[in-house]
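Shown next, in structure tokens, is the structure this report addresses.
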Amino acid sequence: MNNVIQQLIDRKSVRQFTDKPISNEDKDLIITAASNAPSAGNMQLYSIIDVTDEKVKEKLSVTCDNQPFIKEAKMVLVFLADYRKWYLGFKEVGEPRKIGPGDIHLALADANIAAQNAVTAAWSLGIGSCYIGDISEQYEEVTKLLKLPEYIVPASMVVFGYPTENQLERVKPERVKNKYLVFENEYRDFNAEEFKDMWSYKTGPLEYEEYMKRFLNRKYNSEFCDEMNRSMKEYLKDIK
Ligand SMILES: Cc1cc2nc3c(=O)[nH]c(=O)nc-3n(C[C@H](O)[C@H](O)[C@H](O)COP(=O)(O)O)c2cc1C
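Residue numbers (this note's numbering): 19 to 258.
Here it is, written out as structure tokens:
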């Protein structure tokens with residue numbers, strides 16, 4: 019196993035941070051790693067907001083489904099899908115069509131791939147991180163807070179900091195077996211037995227059906243998912 023693959027396998031989310039600040043040099047390295055991620059047409063269809071204002075961090079920890087550890091993070095980066103800058107650049111020289119769903123799809127991919135490079139780079143420096151998917155909630159609040167104009171869609175937020183001892187000791191959650199991730203040549207649905215086998219390691223003391231019922235209600239049929247869907251509709255309302 020080489021060092022890169024070992025680090026990818028070892029990385030885990032970190033939600034408690036020590037007081038040690040992240041140096042400007044390391045921050046710059048992490049951003050440079052993000053910038054060097056693959057990018058559609060090398061257009062770098064994203065922007066990054068480095069949230070340094072403690073009041074903004076505090077507000078984000080509320081708008082992002084009340085997760086207090088966000089405000090304790092030493093670095094908070096919001097990755098924005100940003101085709102807008104190219105659209106405005108094109109407008110300087112011609113008559114670009116409106117931004118469409120395919121453009122947003124590319125920009126979201128670009129932004130999240132860059133974010134993952136930042137996560138991997140940070141881990142290699144001993145800095146932990148955690149994605150915050152809830153950045154796509156609370157459209158009204160977040161657009162106001164970060165002054166997001168039309169066509170800018172938050173792809174992800176990642177919070178960073180040095181892990182506390184207990185975070186280092188925390189066991190990383192297991193993954194499904196590779197055979198449940200990869201199909202050869204064509205997609206197929208799993209049968210009931212395969213579903214059960216695929217996720218059986220997750221259920222702990224619960225029966226599989228009971229675990230699934232609880233997970234359905236806690237995650238999928240949850241208020242935060244409803245809010246995320248409402249909010250994303252707002253972000254995408256003018257994208258036809
Ligand atoms: C798109 C995305 C959104 C996430 N949102 C949150 C979040 O809002 N809060 C949180 O604590 N963890 C969040 N996570 C972290 C996941 O819970 C974590 O990656 C998963 O449980 C696997 O654990 P690991 O990263 O330690 O391997 C998110 C991860 C991703 C990729």
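Glycine included, every Cβ here is placed at the ideal spot set by N, Cα and C.
With a minimum length of 3 residues, the unbroken runs of beta strand (DSSP E) contained wholly in the stretch 64 to 107 fall at 64 to 68 and 93 to 100.
Assignment of beta-bridge partners to Tyr149 by DSSP yields Val176. Short note on Cys243: C-beta not closer than 8 Å to any heavy atom of ligand 1. Bounds of any alpha helix (DSSP H) do not take in Met19, whose DSSP letter is neither H nor E. According to the DSSP assignment, Asn42 belongs to the alpha helix (DSSP H) that extends over Asn42 to Ser53. For Asn60, no alpha helix (DSSP H) encloses it, and the DSSP letter there is neither H nor E. Ser31 has Ser147 as its beta-bridge partners, per DSSP. Residue pairing by DSSP places Pro181 opposite Phe35 in a beta bridge. Inter-residue distance for His123 and Cys243 is about 20 Å (C-alpha atoms, whole angstroms). Judged by beta-carbon spacing, Ala99 lies within the 9 Å limit of Ile170, meaning their Cβ atoms are closer than that value. By the C-beta density criterion, Tyr101 is buried, having at least 16 other C-beta atoms within 10 angstroms.
Only residues of its own chain outside the window of five on either side were considered, and among them Tyr229 have a CB closer than 6 Å to the CB of Thr221, listed in chain order. Remark: the shortest separation between the CB of Ser249 and any heavy atom of ligand 1 does not fall under 8 Å. At least one heavy atom of ligand 1 sits closer than 8 Å to the Cβ of Gln85. Not one heavy atom of ligand 1 is found less than 8 Å from the C-beta of Pro39. The distance from the Cβ of Gln24 to that of Ser142 is about 11 Å, inconsistent with a contact at the 8 Å cut-off.
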